[in-house]
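Structure first, commentary second.
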Amino acid sequence: MKEQEVQSSSLGYKDFPASICVAINHELTHGIPDERIFQEGDLVSIDVACHYQGYHADAALTTIVGTGDETKKNLLNTTKNSLYYVIQNIQPGLTTTQDIGAMIEKYIRTRGYYPIKEYGGHGIGEKLHQEPFIPNYKTPSKGEIIKEGMFICIEPLVQIGDAKVEVAANKWTVFSKNGHLNAHFEHTVYIGPAGAEIITNYEE
275 MKEQEVQSSS
285 LGYKDFPASI
295 CVAINHELTH
305 GIPDERIFQE
315 GDLVSIDVAC
325 HYQGYHADAA
335 LTTIVGTGDE
345 TKKNLLNTTK
355 NSLYYVIQNI
365 QPGLTTTQDI
375 GAMIEKYIRT
385 RGYYPIKEYG
395 GHGIGEKLHQ
405 EPFIPNYKTP
415 SKGEIIKEGM
425 FICIEPLVQI
435 GDAKVEVAAN
445 KWTVFSKNGH
455 LNAHFEHTVY
465 IGPAGAEIIT
475 NYEE
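Sequence positions in the sequence shown follow the numbering used here and run 275 to 478.
So this is what it looks like as structure tokens:
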């Protein structure tokens, strides 16, 4: 961040004590980096948000330390692919936040996984978290229409086994109540006239 002359959006946000979030294995999100040593096969989720000249961007990915087994690979592929599936299918002026949640939920549930309902994506811009909330499941109401000119973060959080999560004693780290593995991918996207454009393209 210093090399790029940007600032962390996480450090000090509601007193969060670190510049990025790092979560391991059954930890889902908002993990506080510590001195633990990564082990072969660990799932590691990294969530990074920065701001530059008054505007924020937010992205996350989950990766495997070393090789990993098919269970972990399938979890990661499903979560990541659900994100890109939604991005490719947003229609400005037609798609609603409910539609995004429904697309994510259908994609992951048909593959045997569970969406985390308590956390999700969000609007972004001059603040890190803005309206609208972008759910990972089909909400009862249609929510807000996704319109041209918006900047939003789409953020599937997916778990094996069930969707039950808790918050640790540090008041930040969210983890699986029953010790299940989970994954987390996120992009900031701009809604242009033809659809969603990825702003945080770490694939390159």
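Built from N, CA and C at the ideal position, the CB exists for glycine as well.
These numbers come from a predicted model, not from an experiment.
Let me know if residue i comes out buried or exposed under the rule of 16 or more other beta-carbons within 10 Å of its beta-carbon.
i	result
S415	exposed
V439	buried
F459	buried
Q433	buried
L350	buried
A333	buried
E400	exposed
E331	Looking at the sequence provided, one finds Ala at residue 331 rather than Glu. A331 should be labelled buried.
I311	exposed
Y388	buried
D289	exposed
P409	buried
Y476	exposed
Name, in chain order, the residues that DSSP records as bridge partners for residue i.
i	result
F407	H396
E277	Answer by DSSP bridge pairing: none, since E277 is not bridged.
T462	C427
Please report the distance separating the alpha-carbon of residue i from that of residue j.
i	j	result
D343	G423	41 Å
I294	Y287	11 Å
E279	H325	10 Å
K347	T341	9 Å
P406	K412	15 Å
H304	G367	32 Å
P307	E301	12 Å
T384	I378	10 Å
D436	E277	41 Å
K391	I364	21 Å
T336	T345	14 Å
T352	G394	16 Å
N456	K354	12 Å
K445	K380	31 Å
Please tell me whether residue i and residue j are closer than 8 Å, where the distance is taken between their beta carbons.
i	j	result
V322	I298	no
A443	F449	no
I426	L357	no
I420	T474	no
V339	D316	yes
Practice task
Quick one: which unbroken beta strand (DSSP E) runs of 3-plus residues sit fully inside the segment 296 to 360? Chain order, please.
Solution key: 301 to 303, 317 to 326, 329 to 338
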